[in-house]
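Under our numbering, think of the first position of the sequence shown as 1, with each following residue one higher. From the three backbone atoms N, C-alpha and C, an ideal C-beta is built for every residue, glycine too. Bear in mind that the values here come from a model prediction, so they are computed numbers and not experimental data.
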Amino acid sequence: MDPVNYIKDMLGITEETVIDKAMDVSLGTAPLIGKVYQSFQMLKLQKRMQTNIQQLQTLKNKIESNENEVFYKQEVFPLIFKKLFEEDEDIKASVVIGGFEYIIDHGINEIETIYHYYDVLAELRFSDIIILVEDFMPYEMRKNPSLKINFPTNEEMRSNKYKEQQTINTYQKNKMVRLGLLENRVDNIDGEDYKGKSLIKEEIIITDFGKRFLILFALDEASEKREFT
């Protein structure tokens, strides 16, 4: 799939028009004026679009048969293209596209809301998303509640690599708290300890925003059965 032609088609740019020629000139001369970054990113974009070509074609068909075609093509698609173009991790391309499909399927047309969710997605590494899904997705959101977890051995827990990973995991969770996907909760526990002080329980839990985030980006395995509210 040629990304330039796909983009033109989605935006309704007619061949040989002023806009078409301006776009070709801009993309063609970028490397010549030192914008090697754009050229490199365009190659990555082409790879991502080729990998997800079937899903992208499905999206195109859904958009063109939707009553809000103009909105999705002119308002939402440029945002999706921008995210696919700028994203560092190829593996997140399917997540970016999956979110767009959910937006179309469920008739979401609040552009500010869409921007906010994609801004949060841009802040996350794919490894952050894995932690959000594996550690914080509520039980009722899973089709298959059983998870295969390999617990570390005592020897592994004493290794510097394990300790470093634990530090990174703490950073990842704190980042998701900052983004509003998770929150720190402190609960009182009935009874008192031996010093007469109330016992409290501290834990990190997923927020309602975090649950909607999982649903919108098709990270919730049962998303087709849930409402985005």
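In this structure, does DSSP put residue i in helix, strand or coil?
| i | result |
| --- | --- |
| N184 | strand |
| L219 | coil |
| D88 | coil |
| I108 | coil |
| N52 | coil |
| S127 | helix |
| G230 | Nothing about residue 230 can be read from this structure; the chain reaches only from 1 to 229. |
With a threshold of 7 Å on Cβ separation, who are the neighbours of residue i within its own chain once the five nearest residues in sequence on each side are excluded?
| i | result |
| --- | --- |
| I7 | F81 |
| E203 | R185 |
| Y194 | With a pLDDT of 49 at Y194, under the threshold of 50, the modelled position of that residue is not reliable, and the figure given next carries that caveat. So no residue of the chain qualifies. |
| I91 | F126 |
| A122 | K83 |
Pull the bridge partners of residue i from the DSSP assignment, please.
| i | result |
| --- | --- |
| E67 | E67 pairs with nothing; no bridge assigned. |
| I204 | N184 |
May I ask which residues mark the beginning and end of the alpha helix (DSSP H) holding residue i?
| i | result |
| --- | --- |
| I111 | I111 to E123 |
| D135 | Unbroken run through D135: none, as it is neither H nor E. |
Excluding the five sequence neighbours on either side, which residues of its own chain have a C-beta within less than 8 Å of the C-beta of residue i, listed in chain order?
| i | result |
| --- | --- |
| G210 | L132, F136, M176, G180, L181 and L182 |
| P78 | L11 |
| L56 | M1, Y6, M49 and I97 |
| K62 | E101, I104 and D105 |
Using a Cβ-Cβ cut-off of 6 Å (strictly less than) and excluding sequence neighbours within five positions of residue i, which residues of its own chain qualify?
| i | result |
| --- | --- |
| T29 | Only weak support is given to the placement of T29: the predicted model assigns it a pLDDT of 47, under 50, and the value that follows is read from those uncertain coordinates. If we look at T29 and ignore the five residues flanking it on each side, it has no Cβ neighbours. |
Looking at C-beta atoms only, is the number of pairs between the stretch 204 to 212 and the stretch 84 to 96 that lie closer than 8 Å three or more? Taking a contact to require three or more Cβ pairs closer than 8 Å, the stretch 204 to 212 and the stretch 84 to 96 do not qualify as touching.
Between the stretch 103 to 118 and the stretch 158 to 170, can you find at least three pairs of beta-carbon atoms closer than 8 Å? Judged by Cβ distances under 8 Å, the stretch 158 to 170 makes no contact with the stretch 103 to 118, as fewer than three pairs qualify.
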